[in-house]
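Remarks on the structure that follows.
There are 2 protein chains.
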Amino acid sequence: MSSQSQSQSRWATRRAEKHRRLARVSSIADGMILPTDRIVDVLQSLIAPGDRVVVEGNNQKQADFLSRSLAKVDPSVVHDLHLIIPSVSRAEHLDLFERGIAKKLDFAYAGAQSLRISQFLQDGILEIGAIHTYIELYARLYVDLTPNVVLIAGFKADRDGNLYTGPSTEDTPALVEAAAFRDGIVIAQVNEIVDDPKDLPRVDIPGSWIDFVVQSDKPFFIEPLFTRDPRLVTPIQVLMAMMAIRGIYERHQVQSLNHGIGFNTAAIELILPTYGEKLGLKGKICRHWTLNPHPTLIPAIETGWVESVHCFGGELGMEAYVSARPDVFFTGRDGSMRSNRAMCQLAGQYAVDMFIGSTLQMDGAGNSSTVTHGRLTGFGGAPNMGHDPHGRRHATPAWLDLLQTDSPLERGRKLVVQMVETFQAGGQPSIVESIDAVEVGRESGMPLAPVMIYGDDVTHVLTEEGIAYLYKARSLEHRKEMIAAVAGVTPVGLASSADKLAALRRDGFVALPEDLGIHRSEATRSLLAAKSVADLVDWSDGLYDPPARFRSW
Amino acid sequence: MSSQSQSQSRWATRRAEKHRRLARVSSIADGMILPTDRIVDVLQSLIAPGDRVVVEGNNQKQADFLSRSLAKVDPSVVHDLHLIIPSVSRAEHLDLFERGIAKKLDFAYAGAQSLRISQFLQDGILEIGAIHTYIELYARLYVDLTPNVVLIAGFKADRDGNLYTGPSTEDTPALVEAAAFRDGIVIAQVNEIVDDPKDLPRVDIPGSWIDFVVQSDKPFFIEPLFTRDPRLVTPIQVLMAMMAIRGIYERHQVQSLNHGIGFNTAAIELILPTYGEKLGLKGKICRHWTLNPHPTLIPAIETGWVESVHCFGGELGMEAYVSARPDVFFTGRDGSMRSNRAMCQLAGQYAVDMFIGSTLQMDGAGNSSTVTHGRLTGFGGAPNMGHDPHGRRHATPAWLDLLQTDSPLERGRKLVVQMVETFQAGGQPSIVESIDAVEVGRESGMPLAPVMIYGDDVTHVLTEEGIAYLYKARSLEHRKEMIAAVAGVTPVGLASSADKLAALRRDGFVALPEDLGIHRSEATRSLLAAKSVADLVDWSDGLYDPPARFRSW
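First to last, the sequence lines map onto chains F and S.
Its first residue numbered 1, the first sequence is counted upward by one per residue in the working numbering.
Its first residue numbered 554, the second sequence is counted upward by one per residue in the working numbering.
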């Protein structure tokens, strides 16, 4: 061995280790194809104790055959894994810790499993690296969390590993690239393996990034998370939607935006073709969108409000509709949608005028969080989109409209709008002295409170009472006054007074519906372009195929 | 035609238009392969007046055969194009405007062409959409700047369009995806077309994203932009590097970082194996890096300081060295580097503790810009990395170390360090009352001054006088006092006094070299682990192959 090749092998330990592991399964694998019924053995051979392992648990798409199989390995062989899971949403994600296979967890979001994460943390069964937003977690895969093994899911693959991820590409490219280019091992579960590469609708990820493909025992699990039944939209939400359109979208000329997934923003989508049309705003506001294919957006699309939608992921039932509207949605040459959470989060951060979402709890300074006691839900994507990106340099009319001085050294601002009804359904106030997240953070030993969106990033608070134009606040005290003025009869709201409200309205810091030319009596469900899921199907020309649970008409 | 398919064709106008154009060149193309000598005809057939056209002008790699060819089309046939070019660096990029082929420009950076852009703008030959950072520009491709045509460059392609971009993948994936999935047309120039797909080293972009491949008349142009000759590092830069290591890296436990491309940060790289070693800091600081493969990083890599480097792009001459160090760099299965500017900018924004760079001009409040009169250089990537990302939620020791209160609602901060010698080589002060960018912005009719990094994002200013710990500032006035205290005999510095300096040092707001245990006499070039490019080649075991212009030893 020459001194140069000796020196090189010293610098290729990851590659050597990868080849060593691949060799262990060469007799089991048929080229790149792993036998479904040997997957537990294979994982045991390919994964070593202490490995950093990415498991594709996305917001929607789950590499669940692989995670279920990983939970079956022998903990005396594979243990102390450091799992990296964008969205911890499967029971087996936590079983891995209970069985001693995994020890440490880095994640961005946990839905149904948030309670168990919290318990395991208390019981010392699990240790947390950090809780991230989605995009931070991807970013760290290229810095200090480079994975040894990545387990992902796709619809189809050919025998060379070329992968069709289907409409729900989501996080997959960002997860795979980090391992494929640092001598990690990438295993893809797919619903179907095709013999002829021409039978792949398209290639979303090249085969040379993938090490192994395995056909899963059943199709990967996927959940419809972005479907809101219009029947559940309340008149108060219609009122708030009207205020949003007049007092924010129209006023600041919002052209590009991200909507949250709550009923508040669904209401906005549903009154664009009625109330928005009446105001003559079509083509003037909200032309470009970054969000999943919300069924409630169908009427606005059909009436020509929407020029483009780029998606984080897909939505069950929307596949045929999206395919039939390629002028609006991003689709491949095969006709099916292409989503990409990393690029869409980037677009939602840097390329849109506004983020608008609902929150459950906000303090008097505008800090909000969906975290509640006993649940470590994580951050997901909202903090990334719901902040003012100081790295932005290009200007748009909405961004410039928030300037407060003539100084050439002042920056424009992204609109970050929080919609919140002053009381929750159960009668608890939503606007409170201190958000639960502060105490949860303390209890869980987190270095800081898990705040979803910080008050200093919020530009507008919209309640059923009115809109507080926080970006105009001259001080923290001033910001608090504005929030109190629209906080109704919550404890925070009771600190305000009729005189203060009158002054804030006069000076343009707060607007009530009447200041915006909105009659509360107009705010009825009759403004909704679709009043039920069946109406959405009609609007879609029968292309939208709602999942069973929404077929209650 | 059924009503559903009628309705569908109404929603597939982009696709229909694409197919109409593709049909126009079907007799010229051999499958996906375009004949080199017919490229001007082909571009004339595929591009229509008013199109949004992305031209891959990257920081380094240039789709120059395609841009030169585009400049030769008949302006009576193809005109009024809206060009989107990340880095405007080729003469023909501007010729396109002079010839009337293009009218509007959106870009992120302009090097050698910045003077001409400025002139063309004044003369009304060119209109500017906006000036962006790289990552904002990519993001807008998915929102309101979706391209009709994308012209890119790779090393090799097969006849199915599968693309090997080589070590300099850079912007290509982000540019291609935006067109490939919204019925745009993607044309790739390559240095070589291989008949057998197996002759591709690897696939960086799948063929199903590409419409046409053309072999260029000569290999694409690529420039070494990140090579700094150690011979030009001055003793003052060594002193500042020592201060950075002791007063910032060590103090805040900086684990992951991005270095700018100036000589100041090259000096830091070069004294890690000497000064850093002496301080016993190896393995304790700067283990993970996001930057191009700087040759001046070689000694630190060889002595074991560097665990990982993820790269925006490549660097000419570093190919073999990078290939031989896969434990450190991101490389493909073929052994060559994979870079990715979008992912690296993401990592540089969200996943690292610190950005540290040099600036040419800074005002007393810490605002800085490299923009000077008569040149519209744009922003490039610095503002994205050189700000505190308010969307970040995960904590690291360095990020938490900048907390100023015990409030659970305070956020940690990214370190944004500006290194600036108080006077430029020509004797002009670098720290000034007002940066030129303010006037340039006004003259060019920009809505705001083109500030590269804003003072409120800067956490540390490091001059040859000392370090100002700006993150501790209690007010804008306080921040200005700290900067003045390290601004030497510049007009800004003369506003300070010995008393003020003493007070700031006593309270830990400012540190001089002696406060950090640094003797100015130690700051000599003898601390540089490599004193010349020849030394870097030696360190690399002969693997680094510097471009001719750096072979002056």
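Every residue, glycine too, gets a C-beta built ideally from N, C-alpha and C.
If you check the beta carbons only, do residue i and residue j fall under 7 Å apart?
i	j	result
residue 511 (chain F)	residue 495 (chain F)	no
residue 1010 (chain S)	residue 390 (chain F)	yes
residue 569 (chain F)	residue 368 (chain F)	Summary: the structure shown does not reach residue 569 (chain F), with chain F confined to residues 1 through 553, and so no result is reported for it.
residue 247 (chain F)	residue 516 (chain F)	yes
residue 73 (chain F)	residue 25 (chain F)	no
residue 459 (chain F)	residue 471 (chain F)	yes
residue 156 (chain F)	residue 192 (chain F)	yes
residue 270 (chain F)	residue 530 (chain F)	yes
residue 661 (chain S)	residue 670 (chain S)	no
residue 658 (chain S)	residue 679 (chain S)	yes
residue 170 (chain F)	residue 444 (chain F)	no
residue 924 (chain S)	residue 990 (chain S)	yes
residue 322 (chain F)	residue 312 (chain F)	no
residue 432 (chain F)	residue 363 (chain F)	yes
residue 566 (chain S)	residue 327 (chain F)	yes
Are the C-beta of residue i and some C-beta of chain S separated by less than 7 Å?
i	result
residue 539 (chain F)	no
residue 89 (chain F)	no
residue 380 (chain F)	no
residue 399 (chain F)	no
residue 140 (chain F)	yes
residue 11 (chain F)	yes
residue 86 (chain F)	no
residue 1 (chain F)	Its pLDDT being 41, under 50, residue 1 (chain F) is placed unreliably in this model, and the value from its coordinates should be taken loosely. False, the Cβ-Cβ gap to chain S never drops below 7 Å.
residue 408 (chain F)	yes
residue 208 (chain F)	yes
residue 350 (chain F)	yes
residue 383 (chain F)	yes
Please determine, among the options, the residue with the shortest C-alpha to C-alpha distance to residue i.
i	options	result
residue 601 (chain S)	S:623, S:581, S:586	S:623
residue 494 (chain S)	S:890, S:1040, S:1046	Chain S is shown from 554 up to 1106; residue 494 (chain S) falls before or after that span and cannot be answered.
residue 179 (chain F)	F:76, F:212, F:301	F:212
residue 867 (chain S)	S:746, S:776, S:955, S:858	S:776
residue 797 (chain S)	S:1090, S:1066, S:857, S:618	S:1066
residue 975 (chain S)	S:790, S:645, S:680	S:790
residue 296 (chain F)	F:343, F:455, F:535	F:535
residue 802 (chain S)	S:1028, S:1061, S:952	S:952
residue 885 (chain S)	S:717, S:1018, S:1028	S:717
residue 1111 (chain S)	S:751, S:742, S:749	The requested residue 1111 (chain S) does not occur in the structure, where chain S is confined to residues 554 to 1106.
residue 949 (chain S)	F:489, F:385, F:131, F:500	F:131
residue 154 (chain F)	F:88, F:30, F:57	F:57
Taking 6 Å as the cut-off, is the C-beta of residue i nearer than that to any heavy atom in the ligand FAD?
i	result
residue 471 (chain F)	With respect to small molecules bound, the structure shown includes none, and the ligand FAD cannot be examined in it.
Does any C-beta atom of chain F lie closer than 7 Å to the C-beta of residue i?
i	result
residue 618 (chain S)	no
residue 926 (chain S)	no
residue 915 (chain S)	no
residue 940 (chain S)	yes
residue 847 (chain S)	no
residue 696 (chain S)	yes
For residue i, count neighbouring C-beta atoms within 10 Å of its own C-beta (all shown protein chains included) and say buried if the count is 16 or more, exposed if not.
i	result
residue 846 (chain S)	buried
residue 1104 (chain S)	exposed
residue 86 (chain F)	buried
residue 918 (chain S)	buried
residue 357 (chain F)	buried
residue 1142 (chain S)	Limits of chain S in this structure are 554 at one end and 1106 at the other, which puts residue 1142 (chain S) out of reach.
residue 726 (chain S)	buried
residue 519 (chain F)	exposed
residue 278 (chain F)	exposed
At least 3 beta-carbon pairs within less than 8 Å: the segment 795-812 of chain S vs the segment 838-858 of chain S = yes
ask   = Within the chosen definition, does the segment 256-274 of chain F reach the segment 223-236 of chain F through at least 3 CB pairs nearer than 8 Å?
value = The segment 256-274 of chain F is in contact with the segment 223-236 of chain F.
ask   = So, do the segment 50-59 of chain F and the segment 7-23 of chain F have three or more beta carbon pairs nearer to each other than 8 Å?
value = In short, these stretches do not touch, since the Cβ pair count stays below three.
request  = Evaluate the contact criterion for the segment 134-145 of chain F versus the segment 193-206 of chain F: three or more CB pairs, one atom per stretch, below 8 Å.
outcome  = no
message = With a threshold of 8 Å, are at least 3 pairs of Cβ atoms found where one atom belongs to the segment 144-162 of chain F and the other to the segment 180-189 of chain F?
response = yes
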